[in-house]
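Novice: In this note's numbering, the protein residues as written are 18 to 161.
Just so it is clear, CB atoms sit at the ideal spot from N, CA and C, and this is done for glycine as well.
Below is one structure. I have some questions about it.
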């Protein structure tokens with residue numbers, strides 16, 4: 018085993034420094050300290066539960082019909098078709114991380130991205146949740 022020294026880098030020149038008009042990291046942290054809105058928290062909780070249910074359907078631990086209340090029309094059927102095409106007996110998927118990004122200023126829709134693990138491999142999911150009556154519904158879904 019060889020040990021290599023760490024290379025020191027030159028200090029940033031004035032031209033390479035960030036624009037002073039942009040918020041600094043500490044200013045961004047102050048803004049983030051306010052935390053997510055109650056609507057965003059509800060959407061995040063719903064998204065995590067809905068994506069977990071989708072993975073359970075794909076793993077044959079849940080029936081596709083149970084997704085109809087969570088997913089928009091047609092998406093539950095699409096997930097059911099993926100379930101039929103998947104080989105039985107594969108390693109169960111585990112939802113690892115879910116992130117939300119507001120899709121509109123009113124807070125009625127959020128874009129979601131998530132990662133899940135199946136054995137040693139990590140996969141991605143993306144979609145959109147929208148307000149539907151008193152709750153939320155997944156209106157778009159892409160499995161990677």
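(1) Judging by CA-CA distance, which residue of 106, 112 and 67 is the nearest neighbour of residue 86?
(2) Decide if residue 74 is buried, meaning its Cβ has at least 16 other Cβ atoms within 10 Å, or exposed.
(3) Taking C-beta to C-beta, are residue 59 and residue 115 nearer than 8 Å?
(4) Would residue 57 and residue 124 be called neighbours here (beta carbons separated by less than 8 Å)?
(5) Tell me the rounded alpha-carbon separation between residue 147 and residue 91.
(6) Within 10 angstroms of its Cβ, does residue 81 collect 16 or more other Cβ (buried), or is it exposed?
(7) Name the DSSP bridge partner or partners of residue 8?
(8) Near residue 97, which residues of its chain fall below 6 Å by C-beta distance, leaving aside the five closest residues on each side in sequence?
Specialist: With the structure as the only source:
(1) 67
(2) Classification of residue 74: buried, given that the 10 Å Cβ count is 16 or more.
(3) no
(4) Closer than 8 Å, so yes.
(5) 15 Å
(6) Burial call: buried.
(7) Since the first and last residues shown for the chain are 18 and 161, residue 8 lies out of range.
(8) 81
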